[in-house]
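Each residue of the sequence shown is one higher than the one before, starting from 1099 at the first, in this note's numbering.
One structure below.
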Amino acid sequence: NPAACAKFGFSSCKTWQQYLYSSDADEDSSNGFDPVIFIESWVFADSTSEYEAAGCPSGWDAYEGNACLINSESVRVPLVPVSGIAGVKLTGSATSGGVDTVSFSVNGRAYSVSQRASTVDINKIWRLTEFNIFGNGARTQTVSFNRGSHVTVNVAVNDGTTNAPTCLGNAGKTFEQNNLTRGSCTTFGGASPGISFPQSN
1099 NPAACAKFGF SSCKTWQQYL YSSDADEDSS NGFDPVIFIE SWVFADSTSE
1149 YEAAGCPSGW DAYEGNACLI NSESVRVPLV PVSGIAGVKL TGSATSGGVD
1199 TVSFSVNGRA YSVSQRASTV DINKIWRLTE FNIFGNGART QTVSFNRGSH
1249 VTVNVAVNDG TTNAPTCLGN AGKTFEQNNL TRGSCTTFGG ASPGISFPQS
1299 N
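Okay, structure coming up:
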């Protein structure tokens, strides 16, 4: 991502952006649940020496792997039980020169929060998407569904074309996971391009 790398002082880097619904903002369910939506942005420097020399900008946190991380503002949303996930919709968007937005719809109400598109300029290079129901961060990285669970994931793509996206097997990047086994992925183009895949255990 040349646009983002130059701003960080890196000759080359990778950028990664997560649009999140988190069932508990502080990842500690012992004090109750605090569900929120927010955007999490990462920059990974390809050069360790450049990373050590430049560091992370003010307001960003440094992480292992030559990484810098920042979260957008968050918005509180309703807590959704696993039994209610069929009625929710999470949308992530990125527009050149504008804003990146995560939107969350549940029970007929919509919630959203945005950040500047220039945070990591993801709109300039966005080509891959990973979506699923995973554990909530490092403390509970795996979400465990009851035996016999079936979940179908539908991902709609709006990139200005009618082209069908491509399913990439074993290409996930996120640290979090679940205990479901993925079935065959189906792609479709036309007026509403996207992918769909079942999961079960």
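We put the beta carbon where it would ideally sit given N, CA and C, even for glycine.
Every value quoted in this text rests on a predicted model; they were computed, and no experiment measured them.
- For G1185 and V1204, the gap between their C-alpha atoms comes out near 6 Å.
- For the pair V1249 and K1222, the Cα-to-Cα distance works out to about 32 Å.
- Ranked by Cα distance from R1207, the options T1284, R1174, Q1115 are led by R1174.
- Boundaries of the alpha helix (DSSP H) around F1106: 1100-1106.
- Here F1286 has A1262, G1292 as same chain residues with Cβ atoms under 7 Å from its own Cβ, once five neighbours each way along the sequence are excluded.
- Taken in chain order, the whole beta strand (DSSP E) runs of length 3 or more contained in the region 1226-1279 are 1248-1254.
- Within the same chain, D1219, K1222 come within 6 Å of A1101 by CB-CB distance, once the 5 residues on both sides are set aside.
- If you compare the alpha carbons of K1271, C1265, S1290 with that of P1296, the shortest gap goes to C1265.
- The alpha-carbon separation between F1229 and E1148 amounts to approximately 32 Å.
- Taken through DSSP and simplified to helix, strand or coil, A1192 comes out as strand.
- The closest CA to that of K1105, considering only F1232, T1217, A1160, is found on T1217.
- In the DSSP secondary-structure assignment, L1118 is bridged to F1136.
- Shortest Cα-Cα distance from R1245 to any of G1190, S1298, S1212, L1177 involves S1298.
- The C-beta separation of N1099 from K1112 comes to about 7 Å, placing the pair in contact by the 8 Å criterion.
- For the pair I1135 and I1183, the CB atoms are not nearer than the 8 Å cut-off.
- Look at V1200 here: in three-state DSSP terms it is strand.
- In the displayed model, G1292 falls within a strand according to three-state DSSP.
- Between F1142 and A1123, the CB-CB gap reaches or exceeds 8 Å.
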